[in-house]
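**Student:** A single structure is presented below for examination.
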Amino acid sequence: MQVHPLLAPVADLIYPPRCPLCGAAIAAQTGLCSTCWGDLAIPGDPCCSSCQRPFPEGVAAQSLCAPCLVDPPRHDGVAAGTLYNEASRKLVLAFKHGRRIAMAPMLARLIAARLPDEIGAGWIMVPVPLHRWRLWRRGFNQAALLAGELARLRGADLLVDGLVRRKQTPSLGGLGKAARTRALSGAIAVNPRRAEGIRGAKLVLVDDVLTSGATSHACVSVLKRAGAKKVVVACFARVLDEALDLA
-5 MQVHPLLAPV ADLIYPPRCP LCGAAIAAQT GLCSTCWGDL AIPGDPCCSS
45 CQRPFPEGVA AQSLCAPCLV DPPRHDGVAA GTLYNEASRK LVLAFKHGRR
95 IAMAPMLARL IAARLPDEIG AGWIMVPVPL HRWRLWRRGF NQAALLAGEL
145 ARLRGADLLV DGLVRRKQTP SLGGLGKAAR TRALSGAIAV NPRRAEGIRG
195 AKLVLVDDVL TSGATSHACV SVLKRAGAKK VVVACFARVL DEALDLA
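Okay, so the sequence shown: first residue is -5 according to this note's numbering, each after it adds one.
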């Protein structure tokens, strides 16, 4: 939730702005201190023309990374605000588990900076869904908060319930590719009430963290089967340990 500009001085007086990572005093409620900004790993160019995996300097433009050559993805690109490191991990934990939902605009701005320029009016933001019991326990879907902010920033539409998670899935961390596929089998589906709006649409699938890609792959697959024209994957933090030195 954003503070109205007219109320910002009052909010700052009652709750002095602090960096959500280190607690240092900052100028506004919507950012980090300069040191913590520097701790974020921001992906850049050159990168894979399909999935935007960072490359070392000197790699030719429009090159494909090895994973995309071996197994071409169904998505139409990946836009990650940051690479997952200690700083982005702390932000995700504060946002999702620390319930600091006021961080959503800041995280979304980092994602928006990496989205292709073409994404705006005529596109639809679709969050990765939570199962209803997890949503009930947490009280909010962090992906939906980010999707709403991205829709506002880019002038796009928001389809908060375009996808549904029909069954609870275990944590995918530590599971192999086959086990992740089994865990997600049948778990995610297009909301039948939104199927008409998805057919032929250009979509951005939004999540907070992109880890193995299994969940996003499942979401993209059902969206493409439902007739989506394009599906770009957008996240705040992408787990690519081998690329951290290139950021």
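Glycine residues also receive a C-beta, built at the ideal position from the N, C-alpha and C atoms.
Bear in mind that the values here come from a model prediction, so they are computed numbers and not experimental data.
Does the stretch 155 to 165 come into contact with the stretch 120 to 129, if we say contact requires no fewer than three beta-carbon pairs (one atom in each stretch) closer than 8 Å?
**Tutor:** They touch, by the three-pair rule.
**Student:** Since Glu51 and Pro61 are thought to touch, with beta carbons under 8 Å apart, how far apart are those beta carbons, to the nearest angstrom?
**Tutor:** Actually they are not in contact, since the Cβ atoms of Glu51 and Pro61 sit about 20 Å apart, beyond 8 Å.
**Student:** Which of helix, strand or coil does DSSP assign to Gly221?
**Tutor:** coil
**Student:** Tell me where the beta strand (DSSP E) around Met119 begins and ends.
**Tutor:** Trp117 to Pro121
**Student:** So is Gly142 buried or exposed if we call it buried at 16+ other beta carbons inside 10 Å?
**Tutor:** buried
**Student:** From Gly265 to Gly149, what distance separates their C-alpha atoms?
**Tutor:** A query on residue 265 cannot be resolved here, the shown segment of the chain reaching from -5 to 241 and no further.
**Student:** Terminal residues of the continuous beta strand (DSSP E) containing Ala98?
**Tutor:** Here Ala98 belongs to no beta strand (DSSP E); instead the alpha helix (DSSP H) covers Ala98 to Ala106.
**Student:** Below 8 Å on the Cβ atoms is my contact criterion, and I expect Leu197 with Cys229 to pass it. Report the Cβ-Cβ distance as a whole number of Å.
**Tutor:** Going by Cβ atoms, the distance from Leu197 to Cys229 rounds to 14 Å, so no, they are not a contact pair.
**Student:** I need the boundaries of the beta strand (DSSP E) containing Thr76, first residue and last residue.
**Tutor:** Val72 to Leu77
**Student:** Pick helix, strand or coil for Leu157, following the three-state DSSP scheme.
**Tutor:** When secondary structure is reduced to three states using DSSP, Leu157 falls in the strand class.
**Student:** Within this structure, are the beta carbons of Ala74 and Arg174 separated by less than 8 Å?
**Tutor:** no
**Student:** Touching or not, the stretch 181 to 199 and the stretch 208 to 226, by the rule of three or more beta carbon pairs under 8 Å?
**Tutor:** yes
**Student:** Looking only at its chain, what residues have a beta carbon closer than 6 Å to the beta carbon of Leu234, apart from the 5 residues adjacent to it on each side?
**Tutor:** Leu77
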